[in-house]
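So the number in my numbering is just where the residue sits in the sequence shown, counting from 1, plus 230.
Scroll down for the structure; my scribbles are underneath it.
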Amino acid sequence: MQLQSLVQQLENIYNGEPWYGDSVLQKVNVITTKDAYYKVGPEVHCIAEIVAHMTIWRNALIQWLKGNDEYNVKFDSEEEWPPFRDVKGIGWESLKANLAQSQDDITTLLQNQPDTLLAKRLGPKQYTLKFLLEGIIEHDVYHLGQIGLLVRLAKISIV
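Below you can see the structure in the form of structure tokens.
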């Protein structure tokens with residue numbers, strides 16, 4: 231029951247009605263391509279870069295759930311934060327589709343799994359699934375707040 235509760239939290243953050251406001255899907259679906267790539271400053275990530283980054287960590291969890299413990303994402307690297315030109319080349323619609331696919335993959339992999347799976351150690355650092363899943367939930371909410379702020383800044387700059 232605990233695992234399915236975490237999966238439900240992840241689903242609620244992504245496509246539900248969280249108490250704090252818009253879900254990830256509600257937020258990203260109304261963002262224009264122009265706003266998605268708007269840069270507040272040269273050292274500040276745009277919305278599209280944040281969505282790519284969120285997807286990268288979700289895909290890492292997917293790889294680990296599939297048994298690929300050697301899969302690794304190096305912190306503060308181009309692997310974790312792809313360059314703007316690369317993210318721009320992917321396109322906003324594809325970035326949103328990739329994020330949606332990661333949501334589907336995670337929920338499918340964890341559907342009907344027992345709570346004992348939460349203690350399983352995954353990935354190169356051998357964190358428990360519980361730790362990783364809670365981390366993805368926190369990570370999504372953290373970046374959702376950033377996305378909301380960047381949406382407002384993009385709107386202000388256009389006026």
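Note that CB positions come from ideal geometry on N, CA and C, so glycine has one too.
Source: prediction; values computed, not measured.
Residue i (DSSP reduced to helix, strand or coil)
i: Tyr250; result: coil
i: Thr262; result: coil
i: His275; result: coil
i: Lys385; result: helix
i: Lys269; result: coil
i: Met284; result: helix
CB contact below 8 Å: residue i versus chain B
i: Asn289; result: Looking for chain B here will not work: only one protein chain is present.
Separation of residue j from residue i, as counted between CA atoms
i: Ser307; j: Gln232; result: 33 Å
i: Val303; j: Leu240; result: 21 Å
i: Gly321; j: Leu362; result: 28 Å
i: Phe314; j: Pro272; result: 10 Å
i: Pro344; j: Val270; result: 44 Å
i: Gly378; j: Lys326; result: 16 Å
i: Arg351; j: Gln331; result: 24 Å
i: Ser324; j: Thr262; result: 13 Å
i: Gly246; j: Leu374; result: 13 Å
i: Asn259; j: Ala290; result: 24 Å
i: Thr391; j: Ala349; result: The structure shown does not extend to residue 391, since the chain is modelled only from 231 through 389, so no value can be given for it.
i: Val274; j: Gln376; result: 11 Å
i: Val371; j: Gln356; result: 24 Å
i: Gln341; j: Asn242; result: 15 Å
i: Ser253; j: Glu300; result: 32 Å
For residue i, the residue or residues it bridges with in DSSP
i: Thr358; result: Arg351
Given residue i as reference, the closest of the options once Cα atoms are compared
i: Lys296; options: Lys257, Ile336, Val274 and Lys318; result: Ile336
At which residue ranges does the stretch 290–355 contain complete alpha helix (DSSP H) runs of 4 or more residues, listed in the order of the chain? Within the stretch 290–355, the complete alpha helix (DSSP H) segments at least 4 residues long are 314–320 and 322–340, listed from N- to C-terminus.
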